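Only one structure is covered here, and it is reproduced in the block below.
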Amino acid sequence: MKKIFFLLSASLLLISCNKDKYTVSGTIAGIENGKTIILETQDESGMGLKSIDTVKVENGKFVFEGKALEPAFHTLQIEGVQGKVPFILENGDIKIVINKDSIQNAKVSGSYNNDEYVKFNEEIKVIQKKLMDFQSQNMEKMNAAQQSKDTVVINGLMQEFSKLQEEVGNASKTKYIGYAESHPKSLISALIIQGMLNDPTADIKKAEGIYNGFDESLKNTKPGKAIKTKLGEMKNPGVGAAPAAGAGVEAGK
0 MKKIFFLLSA SLLLISCNKD KYTVSGTIAG IENGKTIILE TQDESGMGLK SIDTVKVENG
60 KFVFEGKALE PAFHTLQIEG VQGKVPFILE NGDIKIVINK DSIQNAKVSG SYNNDEYVKF
120 NEEIKVIQKK LMDFQSQNME KMNAAQQSKD TVVINGLMQE FSKLQEEVGN ASKTKYIGYA
180 ESHPKSLISA LIIQGMLNDP TADIKKAEGI YNGFDESLKN TKPGKAIKTK LGEMKNPGVG
240 AAPAAGAGVE AGK
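Numbering that gives the first Met the number 0 numbers the first residue of the sequence shown as 0 and each following residue consecutively.
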């Protein structure tokens with residue numbers, strides 16, 4: 000009985016420790032030993048990427064270990080391979096399966112935000128499939144019309160595509176908002192609302208209501224804090240702005 004209790008205690012301790020650090024372990028097919036894998040994050044400007052860690056491939060496997068202060072998007076760059084693998088770096092055990100010949104189909108799993116990211120992308124792909132299908136079904140028709148300069152067919156296809164774009168756009172927007180409302184702990188939710196507030200026509204009250212429903216852990220991330228700041232600016236435009244030239248001259252006399 001004491002032995003069982005000890006094993007349970009050890010297991011709980013191990014789980015607790017894993018919550019305070021990350022392990023990104025992966026397999027990669029088609030890459031020889033010794034090739035470098037680079038873990039990247041956004042640089043200070045937010046416009047590029049910088050390396051924060053590197054490991055070597057050994058027997059088709061690699062492991063990154065460390066501690067994440069908060070969930071954030073990162074990428075993996077494999078030496079000699081075009082493309083990158085995006086994923087959310089957060090504390091926990093993250094699994095990544097890569098094939099160098101189809102890097103865009105890399106499989107990421109094992110942590111809450113990564114599992115949510117995968118599911119969310121799959122659901123968005125279903126919505127946007129109509130656009131992909133329309134393009135593939137009408138590509139030859141459009142090419143033939145362009146070669147023969149058949150403006151009637153060209154304009155007709157363009158109008159159909161434009162209408163479909165609006166339909167898919169509205170469906171996607173509904174999906175985004177619905178997701179953010181129902182997932183108060185997901186990093187994706189914060190990124191959705193952050194993007195929503197960059198739209199001049201955004202419903203500020205709606206965005207604020209969703210933000211207020213976020214878990215405190217999400218509000219304390221960089222996107223969460225950015226949302227709070229943006230909402231304050233949008234609700235109180237001009238607050239904190241620099242004084243106009245000449246302001247305060249009288250007081251300085």
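C-beta: ideal position from N, C-alpha, C; glycine also.
Values in this document were obtained by computation on a predicted structure and should not be read as measured data.
Asked, Found
"For E122, three-class secondary structure by DSSP", "helix"
"Secondary structure of A189, DSSP reduced to three states", "helix"
"Beta-ladder partner(s) of S24, from DSSP", "V62 and K94"
"Buried or exposed by the 16-neighbour rule on C-beta atoms within 10 Å, applied to I203", "exposed"
"Exposure label - M157; buried when at least 16 CB within 10 Å", "exposed"
"Alpha-carbon spacing of K184 relative to F63, whole angstroms", "25 Å"
"Bridge-paired residues (DSSP) for F288", "What the structure shows of the chain is the stretch from 0 to 252, and residue 288 is not part of that stretch, so it cannot be assessed."
"For E39, the residue or residues it bridges with in DSSP", "S50 and T74"
"Local Cβ density within 10 Å of M195, reported as buried at 16 or more and exposed below that", "buried"
"Chain-order list of residues whose beta-carbon lies under 6 Å from that of A28 (same chain, five-residue window excluded)", "N98"
"Residue interval of the beta strand (DSSP E) (run including K106)", "K106 to S108"
"Cα-Cα separation, A206 to N58", "48 Å"
"Beta-carbon spacing of K221, E69 below 8 Å", "yes"
"Distance between beta carbons of E180 and I209, contact taken as under 8 Å", "6 Å"
"Own chain residues within Cβ distance below 6 Å of G223, not counting five before or after", "A189 and L217"
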